[in-house]
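If you're matching positions, the sequence shown starts at 1 in our numbering and goes up one per residue.
Some notes on the structure that comes next.
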Amino acid sequence: MADVKSIAVIGAGTMGSGIALTAASAGFQVHQIDVSQDQLDRAAGYHHKTLSRNVEKERMTQAQADQARERIAYQTDMAEAKDADWAVEAATENADLKKKIFAQMRETFGEGVVLASNTSSISITDLGASVGDAADRVIGMHFFNPVPVMKLVEVIRGLATSEQTTQRTIELATAMGKTPVPANDRAGFVSNRILMPMINEAFYAWMEGVAEPEHIDEIMKLGMAHPMGPLRLADLIGLDVCHDIMMVLYHELGQDKYFPCPLLRQFVAAGRLGDKTGRGVYDHSNG
Ligand code: NAD
1 MADVKSIAVI
11 GAGTMGSGIA
21 LTAASAGFQV
31 HQIDVSQDQL
41 DRAAGYHHKT
51 LSRNVEKERM
61 TQAQADQARE
71 RIAYQTDMAE
81 AKDADWAVEA
91 ATENADLKKK
101 IFAQMRETFG
111 EGVVLASNTS
121 SISITDLGAS
131 VGDAADRVIG
141 MHFFNPVPVM
151 KLVEVIRGLA
161 TSEQTTQRTI
171 ELATAMGKTP
181 VPANDRAGFV
191 SNRILMPMIN
201 EAFYAWMEGV
211 AEPEHIDEIM
221 KLGMAHPMGP
231 LRLADLIGLD
241 VCHDIMMVLY
251 HELGQDKYFP
261 CPLLRQFVAA
271 GRLGDKTGRG
281 VYDHSNG
């Protein structure tokens, strides 16, 4: 994509670090931004480890890995990325926080820069409304976890998103080696409208003693040909993220069936968030 050379990725957690690595591996300069230096350090560690493993497995040469690593700048101040040609927000799933970040993105980046969000469930139209006359440049660019592996990017157009923004997003996702698929701007879009209630129901099944977690996962794997059971997947996504998405579905769609299962709420309250904290439904402390 000739007119996009550098991408600002705001948020360096599970998704932001994956988006940054994918973009750098595809040849883009990357500004990896986070308010937390710890998260930036963790992202740099993850990039280093993943690129080294790619070299070991002969998926890329040492020189390619070094170049990808050198393309990523780690920054706590968004202003340092002001010359970026594209911006993707991948911060915590909270509408008020994202609206503040979008207002800052609108101030920071030049006219014509697309302001994309990796949100799993928050309305793209609402995010667009938070940046006034730049709403035509706001779009959902929903990557999947783990980003370097998963091919899909759900492309979500808000009410004000322009055709040009949509076409350029499809082009960029393709240039990053992904397959863009359109979805409309309704809570959870397609992916999480279907996936999250399934995960929530798996927690209910466990809470009500229908089966143990490993048996719930095994049944869904073998019976439905899912590559991973719903509880294992919840740990990978992050139980806090699952909880937050259910709350968005609950508020936006207004039905009790979307309210997060009490057991899921308990795990989140206890800080057992899945892979990222070493413990969730399962114990991941040995990696
Ligand atoms: P995460 O908790 O791992 O990371 C969020 C990051 O945002 C943290 O590093 C935090 O420090 C940072 N952050 C918070 N406020 C910030 C600010 N003002 N400026 C810059 N950074 C800030 O969360 P995640 O799982 O990476 O999710 C990020 C987004 O991606 C969410 O919108 C989520 O819904 C979406 N998403 C998540 C998954 C998944 O599987 N986890 C999949 C698709 C989409």
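Note that CB positions come from ideal geometry on N, CA and C, so glycine has one too.
The residues I199 and C242, in chain order, have a CB closer than 6 Å to that of A234 in the same chain once the five nearest residues on each side in sequence are set aside. Between the C-alpha atoms of P182 and V55 there is a straight-line separation of about 34 Å. Straight across, the Cα-Cα distance linking S25 with A65 is about 8 Å. According to the DSSP assignment, E208 belongs to no alpha helix (DSSP H), since it is labelled neither H nor E. When the five nearest sequence neighbours on each side are left out, the beta carbons in the same chain lying within less than 8 Å of the beta carbon of N184 are those of I156 and R157, in order along the chain.
Boundaries for Y250: no beta strand (DSSP E) harbours it, while the alpha helix (DSSP H) harbouring it runs L239 to L253, taken from the DSSP string. By the criterion of a C-beta distance shorter than 6 Å, V281 is surrounded in its chain by P213, L231 and D235, once the five residues flanking it on both sides are discounted.
Among the bridge pairs identified by DSSP, F143 is matched with V153. Under the criterion of beta carbons closer than 8 Å, T50 and P148 qualify as touching, at roughly 7 Å. Under the three-state reduction of DSSP output, P148 falls in the coil class, being neither helix nor strand. In this structure, A87 sits near T108, with a CB-CB distance shorter than 9 Å. In this structure, F267 has its beta carbon at no less than 8 Å from each heavy atom of the ligand NAD.
In this structure, A12 lies near Q39, with their beta-carbon atoms less than 9 Å apart. DSSP places L159 outside any beta strand (DSSP E), giving it a letter other than H or E. Given a length threshold of 3 residues, each whole run of the beta strand (DSSP E) inside the stretch 45-88 is given here in chain order: 72-75.
Between the ligand NAD and G238, a heavy atom-to-CB distance of less than 8 Å is present. In the DSSP assignment, P180 is bridged to V153. In the structure shown, the three-state DSSP call for H31 is strand. Exclusion of N54 from the 8 Å shell around the ligand NAD follows from its C-beta lying no nearer than that to any non-hydrogen atom of the ligand. In this structure the stretch 218-231 does not touch the stretch 264-272; the number of beta carbon pairs closer than 8 Å is below three. In this structure, G11 has its beta carbon less than 8 Å from a heavy atom of the ligand NAD. Between K100 and F143, the C-beta gap is not smaller than 9 Å, which leaves the two residues out of contact.
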